[in-house]
Amino acid sequence: MRCLYNIIAARKHRFATLLKRAWHQYRLIWQWMESKKALIEVTPNSWTIQLLRVFLFK
Numbered sequence: 001m002r003c004l005y006n007i008i009a010a011r012k013h014r015f016a017t018l019l020k021r022a023w024h025q026y027r028l029i030w031q032w033m034e035s036k037k038a039l040i041e042v043t044p045n046s047w048t049i050q051l052l053r054v055f056l057f058k
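The sequence shown begins at 1 in UniProt numbering and counts up by one.
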């Protein structure tokens, strides 16, 4: 039982780490987009969806 709990905890931790990393990259890209906003005018929806697609189906 304890072994199973450890596996679940490890999975949760790994997922949280992945999520944090994804969020960090998302923030970096967001900041980069903000700095380039004068050059590129994009709708956030399209590139957000593309970004999610990259993270989910890598």
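For every residue, glycine included, the Cβ atom is placed at its ideal position computed from N, Cα and C.
Between the CA atoms of residue j and residue i - distance to the nearest angstrom
i, j, result
"residue 12", "residue 25", "20 Å"
"residue 2", "residue 15", "20 Å"
"residue 10", "residue 18", "12 Å"
"residue 35", "residue 27", "12 Å"
"residue 56", "residue 5", "26 Å"
"residue 8", "residue 31", "34 Å"
"residue 33", "residue 50", "14 Å"
"residue 22", "residue 54", "10 Å"
"residue 48", "residue 29", "10 Å"
Enclosing alpha helix (DSSP H) for residue i [first to last residue]
i, result
"residue 15", "2-35"
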